[in-house]
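When we follow our numbering, the leftmost residue of the sequence shown carries the number -7, and every step to the right adds one. Glycine included, C-beta positions come from ideal geometry on N, C-alpha and C. Predicted, not measured: the structure shown is a model, and the values here were computed from it. Reviewing the structure listed below.
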Amino acid sequence: MGIRFIFHGGTRETKANGSVRQIGIAHNSAFYAAARNVEKDYRLLNLSDDIKLIKISTSASMVAQINTVKPNAVKSFDVLSHGTPYSLNFSVKENENCGLVTGLVAKGMLSIYYSSWEDGFYKFSSDSRYVSNINFSVFTEDARIQIHGCNTAKGNIPGDTLAETFSKELYEAGKTRAYVIGHTDKSNPNIKGKKTTIAQQDYRHGKRVIIHNANIIKTTNQKGYLAHQDILKLLPEVSK
-7 MGIRFIFHGG TRETKANGSV RQIGIAHNSA FYAAARNVEK DYRLLNLSDD IKLIKISTSA
53 SMVAQINTVK PNAVKSFDVL SHGTPYSLNF SVKENENCGL VTGLVAKGML SIYYSSWEDG
113 FYKFSSDSRY VSNINFSVFT EDARIQIHGC NTAKGNIPGD TLAETFSKEL YEAGKTRAYV
173 IGHTDKSNPN IKGKKTTIAQ QDYRHGKRVI IHNANIIKTT NQKGYLAHQD ILKLLPEVSK
């Protein structure tokens, strides 16, 4: 038995004036439907696993929930939200990002990138967190982190991507058989194309990479669940 975290949502659902932001509700609905499909696959693997399906509020809350777990307990961590090569983007207030980011330099770059004359300076709130704020001792030695948002494993860019950062933190915490799955480009929930129903929505398609200690060990276009045991066979031997 182990713990599996599946966090979903994070898109702002209200406008600055308090009215409903329909696009935010629609995006969070897609993330939830896709999260349910991830949950179904994990249920098939082990019915005794404690699967925690949690709607995202802020990264501060997400990190706090992870860090309360005892060491070596978390088998997998999935996040279904908007992303960039350096961040998971969550928002509660307009022009504020309360998401997860790789580091201080990336935070500065993203703040500049998302600034505009119309919206003003796009800032990270006090509820944002760095990947390094996560206590990686809670993960099992062969844990899986799966990031379903856009571009979180995008190649040929300055610095480490979000997926690479997660993979390094896992390895440095002694989780030498752990790995990260991320998208190299934009992701979308239409796994069956235009015929995809709401219940079928799933971001596990398109070009994805599997990363171990910042190294890509496999590139795939396979749809759906990527078998854990098959991935473990690809990992390099690590001397103890």
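field: Residues near Thr212 in its chain [Cβ-Cβ closer than 6 Å; skip 5 each side]
entry: The answer, listed in chain order, is Arg200.
query: Excluding sequence positions up to five away, which residues of its chain have a Cβ less than 8 Å from the Cβ of Gly45?
result: Here the sequence assigns Leu to residue 45, which means Gly is not the residue at that position. Excluding sequence neighbours, Leu45 sits near Ile(-2), His0, Ala27, Arg28, Glu31.
query: Which residue's Cα is closest to the Cα of Leu162: Thr144, Phe131, Thr94, Gly151?
result: Of all alpha-carbon atoms in Thr144, Phe131, Thr94, Gly151, the one lying nearest the alpha-carbon of Leu162 is that of Phe131.
- request: Can you have a look at Gln214 and say buried or exposed, based on whether 16 or more other CB atoms are within 10 angstroms of its CB?
  value: Classified as exposed, Gln214 has fewer than 16 neighbouring CB atoms from the shown chains inside 10 Å of its CB.
- prompt: Between the region 51 to 69 and the region 96 to 103, do at least 3 Cβ pairs fall closer than 8 Å?
  reply: At 8 Å Cβ cutoff, the stretches do not touch.
message: Since Glu86 and Ala8 should fall inside the 8 Å C-beta cutoff, what is the C-beta to C-beta distance between them, to a whole number of angstroms?
response: Sure, about 4 Å apart at Cβ, within 8 Å.
message: Can you find the residues in the same chain that come closer than 7 Å, C-beta to C-beta, to Pro77, ignoring five residues on each side of it along the sequence?
response: For Pro77, where only same-chain residues beyond five positions count, the Cβ hits under 7 Å are Asn143, Thr144, Lys146, Ile149, Thr153, Leu154.
- request: Take Phe128 and list the residues in its own chain whose beta-carbon comes closer than 7 Å to its own, dropping the five residues that flank it on each side.
  value: Spatial neighbours of Phe128 in its own chain (CB-CB distance under 7 Å, excluding positions within 5 residues in sequence) are listed in chain order as Glu161, Leu162, Ala165, Lys167.
message: Relative to the C-alpha of Asn180, which candidate in Val71, Gly141, Ile43, Ser11 has its C-alpha closest?
response: Of the listed residues, the one whose Cα sits closest to Asn180 is Gly141.
When Ala170, Ala191, His197 are compared against Glu229, the one with the closest alpha-carbon: Of all alpha-carbon atoms in Ala170, Ala191, His197, the one lying nearest the alpha-carbon of Glu229 is that of Ala170.
- prompt: Which residues mark the beginning and the end of the alpha helix (DSSP H) in which Gly75 is found?
  reply: Where Gly75 is concerned, there is no enclosing alpha helix (DSSP H), although the beta strand (DSSP E) it sits in stretches over 74 to 76.
Best match in Ser73, Tyr34, Asp119, Ile(-5) for proximity to His220 [C-alpha to C-alpha]: Comparing Cα positions, the closest option is Tyr34.
For Arg200, three-class secondary structure by DSSP: Reduced to three states, the DSSP call for Arg200 is strand.
- request: Work out the CA separation of Cys90 and Ser11 for me, nearest whole Å.
  value: Taking the straight line from one Cα to the other gives about 20 Å.
Where the beta strand (DSSP E) through His220 begins and ends: For His220, no beta strand (DSSP E) run applies; the uninterrupted alpha helix (DSSP H) run containing it begins and ends at 220 to 224, by DSSP.
Chain-order list of residues whose beta-carbon lies under 6 Å from that of Asp111 (same chain, five-residue window excluded): Any reading at Asp111 must be qualified, since the residue scores a pLDDT of 46, below 50, and its modelled position is unreliable; the value itself is stated next. If we look at Asp111 and ignore the five residues flanking it on each side, its Cβ neighbours are Asn87.
- prompt: For the region 122 to 210, which segments carrying the beta strand (DSSP E) assignment without a break, of at least 3 residues, lie completely within its bounds, in sequence order?
  reply: Look at the region 122 to 210 and you find these whole runs of beta strand (DSSP E), each 3 residues long or longer: 131 to 139, 171 to 175, 200 to 204.
task: Put Asn236 into one of helix, strand or coil per three-state DSSP.
output: Given a span of -7 to 232 for the chain in the structure shown, any question on residue 236 remains unanswerable.
query: For Asn205, is the classification buried or exposed, using 16 other Cβ atoms within 10 angstroms of its Cβ as the cut-off for buried?
result: So Asn205 counts as buried.
query: Met101 to Arg121, Cα distance in whole Å?
result: Between Met101 and Arg121, the C-alpha separation is close to 15 Å.
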